[in-house]
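Asker:
Protein chains in written order, with the numbering used here: chain A, 46 to 440; chain B, -9 to 292; chain C, 20 to 122; chain D, 2 to 182.
#1: Taking the beta strand (DSSP E) that residue 114 of chain D belongs to, which residues open and close that run?
#2: Using a C-beta to C-beta distance shorter than 9 Å, which residues of chain C count as neighbours of residue 176 of chain A?
#3: Since residue 89 of chain B sits in a beta bridge, which residues does DSSP pair it with?
#4: With a 10 Å radius around its C-beta and 16 neighbouring C-beta atoms as the bar for buried, classify residue 182 of chain D as buried or exposed.
#5: Measure the beta-carbon distance from residue 417 of chain A to residue 309 of chain A and round it to whole angstroms, keeping in mind my assumption that it falls under 8 Å.
#6: Return the chain-ordered ranges of every alpha helix (DSSP H) run that is complete within the segment 77 to 116 of chain A and spans a minimum of 4 residues.
#7: Please work out which residues of its chain come closer than 7 Å, Cβ to Cβ, to residue 274 of chain B, disregarding the five sequence neighbours upstream and downstream, and give them in chain order.
#8: Straight-line CA distance for residue 128 of chain A to residue 282 of chain B?
#9: What are the residues of the segment 204 to 230 of chain B that lie near chain C, defined by any Cβ-Cβ distance shorter than 7 Å?
#10: Please report how far the alpha carbon of residue 165 of chain D lies from the alpha carbon of residue 126 of chain D, in whole angstroms.
#11: For residue 76 of chain C, which residues in chain B fall below 9 Å Cβ to Cβ?
#12: In chain D, what lies closer than 9 Å to residue 316 of chain A by C-beta?
#13: Would DSSP call residue 42 of chain D helix, strand or coil?
#14: Starting from the beta carbon of residue 82 of chain B, find every residue of chain A whose beta carbon is closer than 8 Å, and list them in chain order.
#15: Along chain F, which residues have their Cβ under 9 Å away from the Cβ of residue 42 of chain D?
#16: Taking a cut of 7 Å between CB atoms, which residues from the segment 217 to 229 of chain A lie near chain D?
#17: Where DSSP assigns a beta bridge to residue 53 of chain D, which residues make up the other side?
#18: So residue 248 of chain A contacts chain C; which residues on that side make the cut at Cβ distance below 7 Å?
#19: Which one or two residues does DSSP pair with residue 179 of chain A in a beta bridge?
#20: Which residues share a DSSP beta bridge with residue 294 of chain B?
#21: Confirm, please, whether the CB-CB distance from residue 80 of chain A to residue 148 of chain A is below 8 Å.
#22: Look up residue 49 of chain C in the DSSP assignment and say whether it is helix, strand or coil.
#23: Could you check what DSSP says for residue 26 of chain B in three-state terms: helix, strand or coil?
#24: List the whole-angstrom C-beta distance separating residue 127 of chain B from residue 209 of chain B, where the pair is believed to meet the contact cut-off of C-beta under 8 Å.
#25: Nearest chain B C-beta to residue 24 of chain C closer than 8 Å, yes or no?
#26: Here's the rule I'm using: 16 or more other beta-carbon atoms within 10 Å means buried, otherwise exposed. How should residue 34 of chain C be labelled?
#27: How about residue 112 of chain A: is its C-beta nearer than 8 Å to some C-beta of chain C?
#28: Taking all protein chains shown into account, decide if residue 12 of chain D is buried (16 or more other Cβ within 10 angstroms of its Cβ) or exposed.
#29: Can you tell me where the beta strand (DSSP E) holding residue 262 of chain A begins and where it ends?
#30: Taking contact to mean 3 or more Cβ pairs, one atom from each stretch, closer than 8 Å, check whether the segment 54 to 64 of chain D and the segment 78 to 91 of chain D are in contact.
#31: Just the C-alpha distance for residue 363 of chain B and residue 129 of chain B, rounded to the nearest angstrom, thanks.
#32: With three or more C-beta pairs closer than 8 Å as the rule, is the segment 288 to 297 of chain A touching the segment 63 to 81 of chain B?
#33: At which residues does the beta strand (DSSP E) containing residue 45 of chain B begin and terminate?
#34: When the Cα of residue 116 of chain A is compared with those of A/220, A/171, A/252, which residue comes out closest?
#35: Whole angstroms are fine: how far does the CA of residue 324 of chain A sit from the CA of residue 24 of chain A?
#36: Does the segment 186 to 196 of chain B come close enough to the segment -4 to 10 of chain B that 3 or more CB-CB pairs lie under 8 Å?
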């Protein structure tokens, strides 16, 4: 039987990994991911997790080792954050192109310079195009559950694409909360052992990771694109099956809260979503029809789902813990593109918040909703607004 | 992971070829090294080759030139990918196999050094072989950390101001040995029996092993394509390369020439050294002599 | 089978005919290397003592051990001439393709 | 929602206290809880903060605590008058101090002192005051029942360490309950 535990996001991920039984774990420590690898090392030491644990000398090597292990059919896990994620950038593209179904936890953390160990999404967003499936968890329970789901998604033979599970640094990785930890038997039943014909095999040798000339290369890239598109259906199926097995499901690519009749919708991802939920409740009590769209997967991007959810609202806002300097937040770019393709004409505002670990308060979220209300009334608002800047910025 | 106990030689080595139909330049020393390594290790071998000449000539879809399992790694990731395969093979309970990486001088001494150091530190059960052709050949003959003093490359052009490469070759063998590695050796494709003996020995090591094999590149060195073996022998005979091993914390010299063949003759055969002055050649000779003085004093001589 | 056979390759017509990711059958050869050659090695059978040194030195692996003698897989020989150069008995001649003598 | 802020120095166990409280409330008190440290590098001796949020329903709001129900000060040197501004209307501060007179000028309904260090030294032999202050918080707040806290402690400690810390908690809890009775 499963049990209840009071765990941090990092520890919940470690429990999810233990239950998923990877053959090989290779990781390099970096704040705020470290607790995950510490817990996994403890589990291996105790024998509750029978994995080969590789103490690699860099993040590049961590992912490279996972690719090696995956290439002979092993289930693998790694975890990183921020500078480490960027250090393995080459391997990220390599792993998706190699179709290695690796699962990696990324503790979302700001990028230098200036140095910061605190949370934002600039690390994962800057690697949105690395070909990985990207999922963002809201709380510790979802973090644990999504480790297990991520293996089921990544290893599906229609997908065979690595999955990056993102947890907001500190706000999620270091916060303790109540978590249902499923039993090994339950997880074994849900997640069968990894089995693939596309591996190096002593009885059936393969050449892998090869070159291809311009005459074929684009076809391989098309396959990769199709696999991530196909993942949309697999993600929903896995989530439904998970719901049946464990009594918890998350809605697939997106989750919606109070959107049915909402006049004003904020789109957010990760742990910020919890704060938005709270504000939506408060505003509803005040008579304002607020709603929330939680993007769970940035790749594949839930464009149809978002269009459906916001179709009848008066204004849409997107909260980004990221900024593409000189333009706008990356989530906003994606949402805006989806709405434009669907010819949805409505005010769309981008709120940049929480960069470098700046707290995203309920007041910030209220401010965003009130900007949406004003925009829907025809008032001109900044299209890209930095929330809670501590200084004047007007010239 | 057995190879039997008998020494492998020209008569009893397997008929099977594991690196066939590749598109390396005619007379390529690196491709001969790969071919011989795989003939010694056999079909139950996982081979990792980083981006570089051997991967560029061996795996161009749909022409797959490795008959055993083989994969291209990232340029810096030869050793780390090997570690991953070795760990997975253990976790999956595979039996009787080898895990070998074959990387060039740049892939080993420059961009891949960090991963190699990590693998040796972990004592991962892998064989790492550096085929040294003394420059980045796949990209068109640029200087690497193993390009010797004096050599002209496309990034160390020789002219009135600079005599080609001004740095000394990194001492990979001793860098690796300094890790306390289980087994390391130097070799040359000019001394084939010695080389395959060492590969065979490496295959029986319980931890990490490293072999640094000198493998000339006719294209990059400006030598006729039929003289690869001769030049690889001559470099040992003139003392600019040596055949040695590192085992149980001890350096062992395998071949101690009574007399060296003339260094000038070795250099003059290669267009990459054509420009060297007498002074440059004297610099090379005196650093050779210094090295050998040290070797003969400190190493066990077999 | 000691060496892979040359196969006829047909370019895939449907995306599903491509391998899934860069993962393909080992030892799959679709082109020869014979065209790389200007000269080819020819063995003088009377001189060959079957020491197999040329066999060991060939970067292509195209020399075949036959009882005491050798044979050459000309489909994949690039004509580098290493075999001729290293032969202790000078039992291999490099001959111009098309029948003319070598230098 | 009950929101608690813990002040201590690195090594004194303020985060452990916030976690023990959260775990006891969530696992044995039928409530929901979040417990988190002041985010950042851990440095022994440096001032640190920890937070506990407790509620009857799932807590979604992960933003920082602005107004507290309780501020627990493990190390007296960290107390600052400005803490009163961080309290909710009915909120209060609990300070570890052997000198209650030093705080007599403040509103008595808003601040309590307790000599946790003496009790910790007597029972644990070390000036680690986190469990003592936890006992004090329980005595003034009734956030979780004493037996729930004891169960919570069992999941984090073992053997004589557990026994001694339970003794610390009970000693201070009953002493303070006695005072207020």
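We put the CB at the ideal spot given by N, CA and C, even for glycine.
Answerer: If we stick to the structure as given:
#1: 112 to 115
#2: The contacting residues do not exist; residue 176 of chain A stays about 11 Å from chain C at best.
#3: B/36, per the DSSP bridge assignment.
#4: Here residue 182 of chain D scores only 46 on pLDDT, less than 50, and its place in the model is too uncertain to base an answer on.
#5: 4 Å
#6: 79 to 91, 104 to 116
#7: 139, 140, 253
#8: Taking C-alpha positions only, residue 128 of chain A is separated from residue 282 of chain B by approximately 45 Å.
#9: 215, 216, 217, 218, 219, 220
#10: 10 Å
#11: Scanning chain B for C-beta atoms nearer than 9 Å to the C-beta of residue 76 of chain C yields 22, 179, 182, 218, 219, reported in chain order.
#12: Residues of chain D passing the Cβ test: 63.
#13: coil
#14: 68, 117, 118, 119
#15: The structure shown contains no chain F; its protein chains are A, B, C and D.
#16: 219, 220, 221, 222, 223
#17: D/5, D/36
#18: The premise fails here: residue 248 of chain A is roughly 11 Å from chain C at the closest Cβ pair, so nothing lies under 7 Å.
#19: A/209, A/344
#20: It is not possible to answer for residue 294 of chain B, since the shown part of chain B is limited to -9 through 292.
#21: No, the Cβ-Cβ distance between residue 148 of chain A and residue 80 of chain A is not below 8 Å.
#22: coil
#23: helix
#24: Confirmed, Cβ separation roughly 7 Å.
#25: no
#26: exposed
#27: Proximity of residue 112 of chain A to chain C, defined by a Cβ-Cβ separation below 8 Å, is not satisfied.
#28: exposed
#29: From DSSP, residue 262 of chain A is part of no beta strand (DSSP E) but of the alpha helix (DSSP H) over 259 to 291.
#30: no
#31: Past the boundaries of the shown model lies residue 363 of chain B; chain B is included only from -9 to 292, so the question cannot be answered.
#32: Between the segment 63 to 81 of chain B and the segment 288 to 297 of chain A, the count of Cβ pairs shorter than 8 Å is below three; the stretches do not touch.
#33: Counting along the chain, residue 45 of chain B falls outside any beta strand (DSSP E), though it belongs to the alpha helix (DSSP H) covering 43 to 48.
#34: A/252
#35: This structure cannot speak to residue 24 of chain A, because chain A is shown only from 46 to 440.
#36: yes
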